[in-house]
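Trainee: Line by line, the protein sequences are chains A and B. Residue numbers for the first sequence follow numbering that gives the first Met the number 0, beginning at 0 and rising by one. Residue numbers for the second sequence follow numbering that gives the first Met the number 0, beginning at 0 and rising by one. Cβ coordinates follow ideal geometry from the N, Cα and C atoms, glycine included. Dropping a structure here in structure tokens format, bear with me for questions.
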Amino acid sequence: MSKTKRIFSLFTTFLKIGAFTFGGGYAMIPLIQREVVEKHKWITDDDVLEIIAIAESTPGPIAINMATFVGSRTAGFWGSFFATLGVVLPSFLIILAISFLLREFQNIKAVQYAFMGIRAGVLALILKALWNMYKKCKKNAVAYIAMAAAFILVAFLKINVVIVIVGCAVFGLITSFIAKRRAKK
Amino acid sequence: MIFLELLLTFFKIGAFTFGGGYAMLPLIQEAVLKNGWLTEEQIINFIAVSESTPGPFAINIATYVGSVVGGTGGLGPVWGGILGAFVATLGVVLPSFIIILIVAKFYERFKKSSLVSGAMTGLKPAVVGLIGAAKIKLLLTVFFPAGLTLTVFSSPAFYISLAIFATGALLAFKKVHPIIIILLSGVLGVIAGYLIL
């Protein structure tokens, strides 16, 4: 396959992935596996697992990380450019349309009542997401301290979120460094 | 200049969100409330919209905030909205894009870096704590819209929200699809609104 064709195919594949995943993030992985690994064979299953690990240790949404990485591996810079563009485009267009619609309809009584109910429902969804993340976290002293510190600093002391994130990263670095030195002795 | 501010704000949000999805919530909340771009209620409404449309949460919320805020930027609601949505989305995508391009080049070295894995031992649990903090603020907005007062316990809206929240939580833990929960919550809200309020 010529490079131009491969770039075009990257674009359409990620366009499809962006248009058909609800919930984002991990919901995207099965579709990525089917399209990118099984159908196009651009990367292997092992690559997918490694990209997930990388996506978790780099900032930004996993969908963008995945598209950029696969694109770069398959067709260099322009590959990653068009794969990322493809995954972003459906959300962008749909949300843009919705934001215009919401502006028109937000003053209707029924819409306001619906959103009153939806706001309560969304809280339940976030509670579930939070519980899932908590379950996936390692349960050790370092983890509990970082979790509690981040919660208290932001919820009650109103400390800047970026400062808390950087602080917890440094805390993790120092404690894992100390743990390694102890293990050596 | 509102458009440059949108770009920079969302660049920062993109650069400091680890884990994606709701991990972005505390940063969005902080930036959007500080600048007075959206109210807490609008944020929650939008989370529902984002859950019921395809695509990553980060892109959805950047596009939405950009469109709403850009509409006030002097170019009119349509063109200003489109430009605002574009710069905010560009901002949130760029950090990941640049970082992954670099990581893809130095893949093997990055994988073995003890610096990265060490930092992650502190970062991952911190994200859980941060979302917990964001959640508290959202809870207060939904259940105590007029601030922490006792009068709320005599308002029917409080009990409607509480009942819908409990129903939603029950269904969510039974692994019912988020879109169904959102639709049901909306329908219950309309019914309760017309019958009781």
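Could you name the residues of chain C that V86/B contacts, counting a contact when the two beta carbons are closer than 7 Å?
Mentor: Absent from the structure: chain C. Protein chains present are A and B.
Trainee: Select from F81/A, L122/A, C136/A and I164/A the residue whose C-alpha is nearest the C-alpha of P172/B.
Mentor: For the purposes of this step, residue 172/B is identified with residue 173 of the second sequence, where counting begins at 1. Going by the sequence as given, residue 172/B is Phe instead of Pro. The candidate whose alpha carbon is nearest that of F172/B is L122/A.
Trainee: Helix, strand or coil, according to DSSP, for F17/B in the structure here?
Mentor: Against the second sequence, residue 17/B aligns to sequence position 18. If DSSP states are grouped into helix, strand and coil, F17/B belongs with the strands.
Trainee: Looking at the structure shown, is P53/B part of a helix, part of a strand, or coil, going by DSSP?
Mentor: In the second sequence, the residue the question calls residue 53/B occupies position 54. It is a strand residue.
Trainee: Could you have a look at P58/A and say whether DSSP puts it in helix, strand or coil?
Mentor: Within the first sequence, residue 58/A is the residue found at index 59, counting from 1. P58/A falls in the strand class under three-state DSSP.
Trainee: Using 10 angstroms around the beta-carbon of G75/B, count the other beta-carbons present and answer buried if the total reaches 16, otherwise exposed.
Mentor: As a working mapping, residue 75/B is identified with position 76 in the second sequence. By the 10 Å Cβ count, G75/B comes out exposed.
Trainee: Specify the secondary structure class of T20/A as computed by DSSP and reduced to three states.
Mentor: Counted from its first residue, the first sequence places residue 20/A at position 21. Three-state result, T20/A: coil.
Trainee: Is DSSP giving P144/B helix, strand or coil here?
Mentor: The count along the second sequence starts at 1 and reaches residue 144/B at position 145. Residue state, collapsed to three classes: coil.
Trainee: For D45/A and E55/A, I'd like the C-alpha separation in whole angstroms.
Mentor: Position 46 of the first sequence, counted from the first residue, corresponds to residue 45/A. Position 56 of the first sequence, counted from the first residue, corresponds to residue 55/A. Each residue's Cα considered, the two are about 16 Å apart.
Trainee: I'd like to know if the stretch 94–111 of chain A and the stretch 62–76 of chain A are in contact, where contact means that at least 3 CB-CB pairs between them fall below 8 Å.
Mentor: The answer is no - the stretch 62–76 of chain A does not touch the stretch 94–111 of chain A, with fewer than three Cβ pairs under 8 Å.
Trainee: Check each candidate in V92/B, G72/B, L129/B and G69/B and name the one with the smallest Cα separation from Y21/B.
Mentor: In the second sequence, residue 21/B corresponds to position 22, counting from 1. Considering only alpha carbons, the answer is L129/B.
Trainee: Counting along the chain, where does the alpha helix (DSSP H) carrying W36/B start and finish?
Mentor: Translated into positions along the second sequence, residue 36/B becomes position 37. Taken as a continuous stretch (DSSP letters only), W36/B belongs to no alpha helix (DSSP H), as it is neither H nor E.
Trainee: Pick from T8/B, V189/B and I195/B: whose alpha carbon is nearest that of L89/B?
Mentor: To locate residue 89/B, count along the second sequence from 1; it is residue 90. Out of T8/B, V189/B and I195/B, T8/B has the C-alpha closest to the C-alpha of L89/B.
Trainee: Less than 8 Å between the beta carbons of A133/B and L172/A, yes or no?
Mentor: Within the second sequence, the letter at position 134 stands for residue 133/B. Within the first sequence, the letter at position 173 stands for residue 172/A. No; because the gap between Cβ atoms is not below 8 Å, this pair is not in contact.
Trainee: Assuming N64/A and S95/B form a contact by the criterion Cβ under 8 Å, report the distance between their Cβ atoms to the nearest whole angstrom.
Mentor: Locating residue 64/A in the first sequence gives position 65, counting from the first residue. Locating residue 95/B in the second sequence gives position 96, counting from the first residue. At roughly 5 Å, the Cβ-Cβ gap stays under 8 Å, so N64/A and S95/B are in contact.
Trainee: Do I99/B and T67/A count as a contact pair if the criterion is CB distance below 8 Å?
Mentor: Reading the first sequence from its first residue, position 68 is the one you call residue 67/A. Reading the second sequence from its first residue, position 100 is the one you call residue 99/B. Cβ distance < 8 Å, so T67/A and I99/B count as in contact.
Trainee: Report all residues from its chain with a CB closer than 8 Å to the CB of G167/B; omit the five preceding and five following residues, and keep chain order.
Mentor: By 1-based counting over the second sequence, the position of residue 167/B is 168. Excluding sequence neighbours, G167/B sits near I180, L183 and S184.
Trainee: Do you know offhand how far A165/B's Cα is from A145/B's?
Mentor: Taking the second sequence and counting its residues from 1, the one referred to as residue 165/B is at position 166. Taking the second sequence and counting its residues from 1, the one referred to as residue 145/B is at position 146. Looking at the two C-alpha atoms, the distance is approximately 21 Å.
Trainee: Does L48/A pass the burial test, meaning 16 or more other C-beta atoms within 10 Å, or should it be called exposed?
Mentor: Within the first sequence, numbered from 1, the residue matching residue 48/A stands at position 49. Exposed, by the Cβ-count rule.
Trainee: Taking 8 Å as the threshold (C-beta atoms), are A87/B and L5/B in contact?
Mentor: Here residue 5/B corresponds to residue number 6 of the second sequence, with the count starting at 1. Here residue 87/B corresponds to residue number 88 of the second sequence, with the count starting at 1. The answer is yes: Cβ separation under 8 Å.
Trainee: Determine the extent of the alpha helix (DSSP H) in which A22/B is found, giving its start and end residues.
Mentor: Indexing the second sequence from 1 puts residue 22/B at position 23. No alpha helix (DSSP H) contains A22/B, which DSSP labels as neither H nor E.
Trainee: Quick one: residues in its chain with C-beta nearer than 7 Å to the C-beta of L24/B, no 5 flanking neighbours on either side, listed in chain order?
Mentor: Looking up residue 24/B in the second sequence gives position 25. The residues are I130 and A133.
Trainee: Hey, quick one: how far does the alpha helix (DSSP H) through T43/A stretch, first residue to last?
Mentor: The count along the first sequence starts at 1 and reaches residue 43/A at position 44. Unbroken run through T43/A: none, as it is neither H nor E.
Trainee: Counting only beta-carbon atoms, is L138/B nearer than 8 Å to chain A?
Mentor: Here residue 138/B is taken as the residue at index 139 of the second sequence, counted from 1. Interface residue, yes.
Trainee: Determine the chain A residues that contact F9/B at a beta-carbon separation under 7 Å, and present them in chain order.
Mentor: On the second sequence, residue 9/B is found 10 positions in, with the first residue counted as 1. Within chain A, no residue comes near F9/B; the closest Cβ sits about 11 Å away, beyond 7 Å.
Trainee: By how many angstroms is the C-alpha of L194/B removed from the C-alpha of F152/B?
Mentor: Residue 152/B sits at position 153 when you count from the first residue of the second sequence. Residue 194/B sits at position 195 when you count from the first residue of the second sequence. In a straight line, the C-alpha of F152/B is about 19 Å away from that of L194/B.
Trainee: What is the DSSP secondary structure of V160/A, reduced to helix, strand or coil?
Mentor: Counting from one through the first sequence, the residue named residue 160/A turns up at place 161. Of the three classes helix, strand and coil, the one that applies to V160/A here is helix, per DSSP.
Trainee: For A113/A, which of G188/B, L82/B, V115/B and Q28/B has the nearest alpha-carbon?
Mentor: By one-based count along the first sequence, residue 113/A stands at place 114. The candidate whose alpha carbon is nearest that of A113/A is G188/B.
Trainee: Note down the Cα distance separating W77/A from R108/B, rounded to an integer number of angstroms.
Mentor: Here the question's residue 77/A lines up with position 78 in the first sequence. Here the question's residue 108/B lines up with position 109 in the second sequence. When rounded, the distance between both Cα atoms is 24 Å.
Trainee: Around the C-beta of P29/A, are 16 or more other C-beta atoms found within 10 angstroms, so that it is buried, or is it exposed?
Mentor: Taking the first sequence and counting its residues from 1, one reaches residue 29/A at position 30. Classification of P29/A: exposed, given that the 10 Å Cβ count is below 16.
Trainee: How many Å lie between F80/A and Y133/A at the Cα?
Mentor: Within the first sequence, numbered from 1, the residue matching residue 80/A stands at position 81. Within the first sequence, numbered from 1, the residue matching residue 133/A stands at position 134. Cα to Cα, F80/A sits roughly 34 Å from Y133/A.
Trainee: From V115/B to T150/B, what distance separates their C-alpha atoms?
Mentor: Within the second sequence, the letter at position 116 stands for residue 115/B. Within the second sequence, the letter at position 151 stands for residue 150/B. So the two alpha carbons sit approximately 50 Å from each other.
Trainee: Please go through the same chain and pick out, in chain order, the residues whose beta-carbon is closer than 8 Å to the beta-carbon of F10/A, but skip the five residues on each side of it.
Mentor: Here residue 10/A corresponds to residue number 11 of the first sequence, with the count starting at 1. Correct list, in chain order: F81, A82, L84 and G85.
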